[in-house]
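Protein sequences appear in the order of chains L and U.
Note that the numbering used here gives residue 80 to position 68 of the first sequence, counting from 1, and the numbers run on in steps of one.
Note that the numbering used here gives residue 548 to position 24 of the second sequence, counting from 1, and the numbers run on in steps of one.
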Amino acid sequence: MNFYDEFIKQIIQYQFQINSYISSTIRSINDENIFTSSLLVLGIAFLYGLIHAAGPGHGKALVAFYFSTSKNAYSQAFSLGYLISIIHAISALALTFVIYFILESMFRQNFNYYSKITMQISAGMIILVGLYIITSSYLSRKHKEQKLEKNKSKYALALSAGIVPCPGVMTIVLFCIMLKQYLLGVLAAISMSIGMGFTISLVGILSITMNKKTNNFLENKSFILEIFGGILILLLGILLLYINNQ
Amino acid sequence: MKYIKKICFLLLIATNAFSHPHTFIEVKPTIEIKDEKINKFNIKWTLDEMTSMMLIMELDKNANGKFEKDENNYIFDSYFISLEKQNFYMSIKSNKQELSIKPKMFKAYIKNNRLIYDFNIQDNIDLEDLKINFMDEELFVGMMLNKKHIKINGINKEQHNKLKENIFGVK
C-alpha cells in the first residue's frame, strides 16, 4: 500500500470513529445532559467537518486550480473556502428538510435522485466558470486585474462547488430530525461546515503560496497561468458531467 | 520543476475520486477451510447507526423492527443487487485471477438499531495466492475491516493470525 492509499485509509478510519461517536452521543441525549452532550456533538461535528473535507473532493480541486493559477491574497482563500462550505451546508439542510417533511418517505432514493441532479447542475456551472476564466484572462491579459471580475468568478465558483448538498451533513441532520433534535441538527450542520471551510481554506492557502513562487518566475505573463487554471476547471466540470451522466 | 510540482499537487488533490465516505460498513467475514480451499464464505455487513436509521425508516414498511420476506426481497432487488457493478465492494484474487462475486442466501435484519446484511458468496475458492480486499473504489462507502471480526474455521488457532495477514492484509 502506498503513502496516498494509507493516508486515505487513515482519513476513512477517523471519520468512521467520529461518525460512530456522534451518533451514540446524539442518541444518549436526555433532559439531564442535554447542554453538555449538545456541546460535545457540536465539537465533534466541527472535527468531523475538518477531517471530512480532507478526503478527495471536487471542491478542493476547484479551490486548488483557482488559487494556484491566479494572484490572490491569503484572506481570499478563507473567503472562498467558507463560501463553498456554507453553501454546501445550506444546500444540505434545505434538501434534508424538504425531502423529510414534504416528500416524507423514500429518503434514500429521493436523496440519490436530487444529489445527481445538483451534481449535474454543479458540473454545468463549473464548465461555465472555467470558460469565463479562460475568456476574461485572455481578454484582460494586457490590463491590470479587475477586482470586480475576480469576485464574480469567485462567487460563481463557490456556488458551483457548494450547490451539491453535503451527504455527510444531510446524514447528521436527518439523524437529529428522527430523534426530534431539530435545533441540534441545524447547529451541527453549521459546526460541520465551519470545520469543512477551514480545511478547504488551507488548500487555498497552500495553492496561493505555490502560485506566488511560480508567478515570480512568470512575471508579466501570469495570464497564461490563469488560462491554464480555467482549462483545468473546465476539464473538471466536463469530467464531473460525464461521471454523473453515466 | 516548479510546474511539475504544481501539477503533481493539483493532481493529488483531484485524483482518484470525487467523493468521500458518507456511509460506513463494518465487514465481518467468516470463512471455513477444508482441503486448502474455502468451503464456506459468509459475510456480514453492519451499517453505521445513522445510515441504518435512515434505511430502516424507509425499508421497514410496517415499522415492526424486523424485515418480512417481501421486505427482504425488496432490499435485495432494490439496493443490494445493484452493488454488483462494484463487485459488492470486494476484490478476491485467487491464483492471480480476479473473481466475480456471486452472493446467495441474502438476509437483512435489524440488531441494536443497526441494519445488517448477511450473505454467502461462492465457495470452493483456492487458498493459493488468495488476497481479499474490501473497498469501494469510488470512496462513497467506507468499508471497515477489523482483525478481530474475521473468523476462520477449519484450521488450527495458531495459523489464524498468519492467514488473516496473508489473505486479508490485516496486522
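Ideal Cβ positions, reconstructed from N, Cα and C, are used throughout, including at glycine.
All of these numbers come straight from a predicted model, not from anything done at the bench.
Three-state class that DSSP yields for residue i in the structure shown
i	result
U:Lys-620	coil
U:Lys-585	coil
L:Gly-242	helix
U:Thr-570	strand
L:Thr-37	helix
L:Leu-171	helix
L:Lys-21	helix
U:Asp-642	strand
U:Leu-663	coil
L:Thr-147	helix
L:Ile-30	helix
U:Asp-594	helix
L:Arg-82	In the sequence as displayed, the identity of residue 82 of chain L is Ser instead of Arg. Residue state, collapsed to three classes: coil.
U:Leu-669	strand
U:Ile-537	The pLDDT assigned to U:Ile-537 is 44, lower than 50, so where the model puts this residue is not dependable, and the model offers no usable value.
U:Ala-632	strand
L:Lys-192	coil
U:Val-551	strand
U:Lys-564	strand
U:Asn-657	strand
U:Asp-601	helix
U:Lys-695	coil
U:Glu-652	coil
U:Lys-675	strand
U:Lys-626	coil
U:Glu-556	strand
Proximity of residue i and residue j at Cβ, strictly below 8 angstroms
i	j	result
L:Leu-246	L:Leu-143	yes
U:Lys-697	U:Val-694	Shown here, chain U extends from 525 to 695; a query on residue 697 of chain U therefore has no answer.
U:Lys-585	U:Glu-595	yes
U:Asn-644	U:Lys-564	yes
L:Ile-96	L:Gly-61	no
L:Ile-63	L:Tyr-26	yes
L:Ile-23	L:Ala-66	yes
U:Gln-646	U:Lys-672	no
U:Ile-616	U:Ile-656	yes
L:Ala-104	L:Val-185	yes
L:Thr-211	L:Pro-177	no
L:Met-137	L:Ser-87	no
U:Ile-549	U:Met-668	yes
U:Asp-653	U:Ser-624	no
U:Ile-634	U:Pro-553	no
L:Ile-250	L:Ile-139	yes
U:Leu-651	U:Ile-562	yes
L:Gly-241	L:Tyr-16	no
L:Gly-180	L:Ile-189	no
Burial state of residue i (16 or more Cβ within 10 Å)
i	result
L:Ala-89	buried
U:Glu-661	exposed
L:Ser-213	buried
U:Met-577	buried
L:Ala-85	exposed
L:Val-238	It is worth fixing the name first, because residue 238 of chain L is Glu in this sequence and not Val. Buried, since its Cβ has 16 or more Cβ neighbours within 10 Å.
L:Ile-46	exposed
L:Ile-114	exposed
L:Thr-108	buried
U:Phe-612	buried
L:Val-110	exposed
L:Leu-195	exposed
U:Ser-602	exposed
U:Met-614	buried
U:Asn-636	exposed
Residues of its chain near residue i, where Cβ-Cβ distance is below 7 angstroms and the 5 sequence neighbours each way are ignored
i	result
U:Ala-587	none
Neighbourhood of residue i by C-beta, 8 angstroms cutoff - its chain only, sequence neighbours within 5 removed
i	result
L:Ser-91	Lys-166
U:Thr-547	Leu-571, Asp-572, Thr-575, Phe-664, Val-665 and Gly-666
L:Thr-37	Ser-49, Leu-52, Val-53 and Ile-56
L:Leu-191	Ile-38, Arg-39 and Ile-41
L:Ile-243	Gly-142 and Ile-146
U:Asn-648	Lys-561, Ile-562 and Asn-563
Beta-carbon contacts of residue i that lie in its chain and below 6 angstroms, excluding the five residues immediately before and after
i	result
U:Ile-557	Gly-678 and Ile-679
L:Arg-39	none
L:Ser-80	Ser-219, Met-222 and Asn-223
L:Val-215	Lys-72, Val-75 and Ala-76
U:Ala-632	Phe-591, Asn-596, Ile-599 and Tyr-641
L:Ala-168	Val-141
U:His-684	Ile-676
L:Gly-207	Phe-58, Gly-61 and Leu-62
Residue i: CB within 7 angstroms of a non-hydrogen atom of the ligand ADP
i	result
U:Leu-654	Inclusion of the ligand ADP in the displayed structure is not the case, the ligand content being empty and no account of it being possible.
| field | Residues, ordered as in the chain, of the segment 548 to 567 of chain U that lie near chain L by beta-carbon distance below 9 angstroms | value | From the segment 548 to 567 of chain U, only Phe-548 and Glu-550 have a Cβ closer than 9 angstroms to chain L.
| query | Relative to chain U, which residues along the segment 167 to 196 of chain L have a C-beta separation below 9 angstroms, given in chain order? | reply | So the list reads Cys-178, Pro-179, Gly-180, Met-182, Thr-183, Ile-184, Leu-186, Phe-187, Met-190 and Leu-191, given in the order they occur along the chain.
| Against chain L: residues of the segment 575 to 592 of chain U by CB proximity under 7 angstroms | For the segment 575 to 592 of chain U, the residues whose beta carbon sits under 7 angstroms from a beta carbon of chain L are, in order, Thr-575, Met-577, Met-578, Leu-579, Met-581 and Glu-582.
| field | chain L contacts from the segment 666 to 694 of chain U (Cβ-Cβ distance under 7 angstroms) | value | Listed by position, the residues of the segment 666 to 694 of chain U near chain L (Cβ gap below 7 angstroms) are Gly-666 and Met-668.
| said: Any C-beta of chain U within less than 7 angstroms: which residues of the segment 96 to 109 of chain L qualify? | reply: The residues in question: there are none.
| said: Output needed in chain order: residues of the segment 18 to 32 of chain L with a Cβ under 8 angstroms from some Cβ in chain U. | reply: Within the segment 18 to 32 of chain L, Ile-20, Ile-23, Ile-24, Gln-25, Gln-27, Phe-28, Asn-31 and Ser-32 place their CB atoms closer than 8 angstroms to a CB of chain U, listed in sequence order.
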